[in-house]
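**Student:** If you're matching positions, the sequence shown starts at 15 in the working numbering and goes up one per residue. Glycine residues also receive a C-beta, built at the ideal position from the N, C-alpha and C atoms.
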Amino acid sequence: MRLPRRLSHAEGAELVDHLGELRTRLFICVIAVGAGFVAGYVVHTRLVHLLLAPLPGDRKLVTYGVAEPFITSMQVSLAAGFAIALPVVLWQLWGFLAPALQPHLQRSIAACVAFATLLFAGGVAFSYNVALPAALKFLTTYDQSVYDIQIRARDYVSFAVMVLVAVGIVFELPAVIVTLVRLGIVSSRTLRKQRRIGYVIVAAVAVALPGVDPVTTVFEMVPLMVLFEASIWLSVLVERRARTS
15 MRLPRRLSHA
25 EGAELVDHLG
35 ELRTRLFICV
45 IAVGAGFVAG
55 YVVHTRLVHL
65 LLAPLPGDRK
75 LVTYGVAEPF
85 ITSMQVSLAA
95 GFAIALPVVL
105 WQLWGFLAPA
115 LQPHLQRSIA
125 ACVAFATLLF
135 AGGVAFSYNV
145 ALPAALKFLT
155 TYDQSVYDIQ
165 IRARDYVSFA
175 VMVLVAVGIV
185 FELPAVIVTL
195 VRLGIVSSRT
205 LRKQRRIGYV
215 IVAAVAVALP
225 GVDPVTTVFE
235 MVPLMVLFEA
245 SIWLSVLVER
255 RARTS
């Protein structure tokens with residue numbers, strides 16, 4: 015199988031060529047996820063221990079079904095596979111969509127994608143070290159005098175991955191706003207003028223994000239508001255640089 019060639023801007027191509035390119039790129043993404051899944055399964059025991067680290071105290075997960083240990087390990091391996099394959103998936107997506115943009119915008123969007131990747135990694139690190147331990151401490155000690163609190167493996171893995179991904183997505187806000195500003199869809203002047211409305215929207219998004227407890231919601235809302243304010247000033251710098259270039 016030949017790797018797909020990225021078309022240049024405004025280069026003519028038939029519909030069948032686009033469909034063939036899309037099929038090849040999707041196939042590469044599937045192969046990347048499959049390879050990531052195998053790599054994740056090889057170290058899935060270590061990954062489970064890493065997910066357990068934020069739990070307060072010396073706790074151990076319990077299972078209630080014959081197949082639950084196997085299914086839970088497969089879920090962890092699959093999540094790791096998607097994480098490992100994400101750079102390949104994003105690159106294939108970018109290779110397919112980039113020809114629709116002018117060359118100078120392609121460079122800007124590529125820089126924003128790299129910036130977004132770093133922000134997502136920072137969000138996951140913040141969630142793992144700060145947000146997830148705080149949420150788990152609140153949830154696993156709530157009314158502990160009333161309940162015999164045991165943690166089911168399948169539910170815990172789903173919750174932990176959900177929080178990590180949700181906070182990682184929250185940290186993407188500056189990259190999204192900068193991209194919109196660079197494409198001319200929104201301006202820094204509009205963002206500053208509508209700052210109050212923006213904060214209301216940000217708060218609503220934080221509440222709508224996955225999280226069943228107030229601690230997780232707060233740890234999603236506060237960074238989101240800080241990042242929104244930082245995005246406004248970052249968009250000002252982006253516009254100034256675009257005018258001088």
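Helix, strand or coil, according to DSSP, for V76 in the structure here?
**Tutor:** Residue numbering aside, residue 76 sits at position 62 when the sequence shown is read from its first letter. Strand, per DSSP.
**Student:** Rounded to a whole number of angstroms, what is the C-alpha to C-alpha distance between I211 and S249?
**Tutor:** As a position in the sequence shown, residue 211 is number 197, starting the count at 1. As a position in the sequence shown, residue 249 is number 235, starting the count at 1. One C-alpha to the other measures close to 17 Å.
**Student:** Is the distance from the Cβ of F233 to the Cβ of E186 below 8 Å?
**Tutor:** Translated into positions along the sequence shown, residue 233 becomes position 219. Translated into positions along the sequence shown, residue 186 becomes position 172. No. Outside cutoff.
**Student:** Name the one or two DSSP bridge partners that R166 has.
**Tutor:** Indexing the sequence shown from 1 puts residue 166 at position 152. DSSP, once it has assigned bridges, lists V76 as partnering R166.
**Student:** Is Q208 helix, strand or coil when you go by DSSP?
**Tutor:** As a position in the sequence shown, residue 208 is number 194, starting the count at 1. If DSSP states are grouped into helix, strand and coil, Q208 belongs with coil.
**Student:** Given a cut-off of 8 Å on the beta-carbon distance, is the pair L75 and I165 in contact?
**Tutor:** For the purposes of this step, residue 75 is taken as the residue at position 61 of the sequence shown. For the purposes of this step, residue 165 is taken as the residue at position 151 of the sequence shown. In contact: L75 and I165 (Cβ atoms closer than 8 Å).
**Student:** My output table needs one value for E253: the three-state DSSP class, helix, strand or coil.
**Tutor:** As a working note, residue 253 is residue 239 in the sequence shown. Reduced to three states, the DSSP call for E253 is helix.
**Student:** As a quick exercise: from D162, V214, P188, N143, pick the residue whose alpha carbon is nearest that of L251.
**Tutor:** Taking the first residue of the sequence shown as 1, we reach residue 251 at position 237. Measuring from the Cα of L251, the nearest candidate turns out to be P188.
**Student:** Please classify P68 as buried or exposed, where buried requires at least 16 other C-beta atoms within 10 Å of its C-beta.
**Tutor:** In the sequence shown, residue 68 corresponds to position 54, counting from 1. Flag for P68 reads buried.
**Student:** When you compare only the Cα positions, how much space is there between Y213 and A220?
**Tutor:** Walking along the sequence shown from the start, residue 213 turns up at place 199. Walking along the sequence shown from the start, residue 220 turns up at place 206. Straight-line Cα distance between these residues: approximately 10 Å.
**Student:** Could you tell me whether the region 83–91 touches the region 46–65, where touching means 3 or more Cβ pairs closer than 8 Å?
**Tutor:** Yes, the region 83–91 touches the region 46–65.
**Student:** For I199, report the span of its alpha helix (DSSP H) as first-last.
**Tutor:** Translated into the one-based positions of the sequence shown, residue 199 becomes position 185. Unbroken run through I199: none, as it is neither H nor E.
**Student:** Could you compute how far the alpha carbon of F51 sits from the alpha carbon of A94?
**Tutor:** On the sequence shown, position 37 is the one that residue 51 refers to. On the sequence shown, position 80 is the one that residue 94 refers to. Using only the alpha carbons, I get a separation of about 6 Å.
**Student:** DSSP state of E186, grouped into three classes?
**Tutor:** One-based indexing of the sequence shown puts residue 186 at position 172. In this structure, E186 counts as coil in the three-state DSSP scheme.
**Student:** Does the region 94–112 touch the region 39–50, meaning 3 or more C-beta pairs lie closer than 8 Å?
**Tutor:** These segments touch.
**Student:** Check whether the Cβ of V177 lies closer than 7 Å to any heavy atom of the ligand ATP, and answer yes or no.
**Tutor:** With respect to the ligand ATP, the structure shown offers nothing to examine, as it has no ligands at all.
**Student:** Under 7 Å Cβ to Cβ from A130, same chain only, skipping five residues before and after it: list those, please.
**Tutor:** Mapped onto the sequence shown, residue 130 falls at position 116. Excluding sequence neighbours, A130 sits near E186, A189.
**Student:** In angstroms, rounded to a whole number, what distance separates the CA positions of I246 and L205?
**Tutor:** The residue labelled residue 246 in the question sits at position 232 within the sequence shown. The residue labelled residue 205 in the question sits at position 191 within the sequence shown. In a straight line, the C-alpha of I246 is about 6 Å away from that of L205.
**Student:** Return helix, strand or coil for G71, following the three-state DSSP convention.
**Tutor:** If you number the sequence shown from 1, residue 71 lands on position 57. Three-state DSSP puts G71 in coil, outside helix and strand.
**Student:** Examine chain B for any beta-carbon lying closer than 8 Å to the beta-carbon of L104, and answer yes or no.
**Tutor:** The chain inventory of the structure shown lacks chain B, comprising one protein chain alone.
**Student:** Anyone know if the C-beta pair for V181 and A145 falls short of 8 Å?
**Tutor:** Within the sequence shown, residue 181 is the residue found at index 167, counting from 1. Within the sequence shown, residue 145 is the residue found at index 131, counting from 1. Yes, the Cβ-Cβ distance between V181 and A145 is below 8 Å.
**Student:** How big is the Cα-Cα spacing for V216 and P228?
**Tutor:** Sequence index remark: in the sequence shown, residue 216 carries index 202 (1-based). Sequence index remark: in the sequence shown, residue 228 carries index 214 (1-based). Answer to the nearest angstrom: the Cα atoms are 16 Å apart.
**Student:** Could you check how far apart the C-beta atoms of A137 and V184 are, in whole angstroms? I think they sit under 8 Å.
**Tutor:** Mapped onto the sequence shown, residue 137 falls at position 123. Mapped onto the sequence shown, residue 184 falls at position 170. The sequence as given places Gly at residue 137; Ala does not occur at that position. Indeed, because the Cβ distance is near 6 Å, the residues count as touching under 8 Å.
**Student:** Return the chain-ordered ranges of every alpha helix (DSSP H) run that is complete within the region 109–159 and spans a minimum of 4 residues.
**Tutor:** Listed in chain order, the complete alpha helix (DSSP H) runs (minimum 4 residues) inside the region 109–159 are 117–140, 146–154.
**Student:** Residue range of the alpha helix (DSSP H) that V62 falls in?
**Tutor:** Sequence index remark: in the sequence shown, residue 62 carries index 48 (1-based). Start and end: 58–66.
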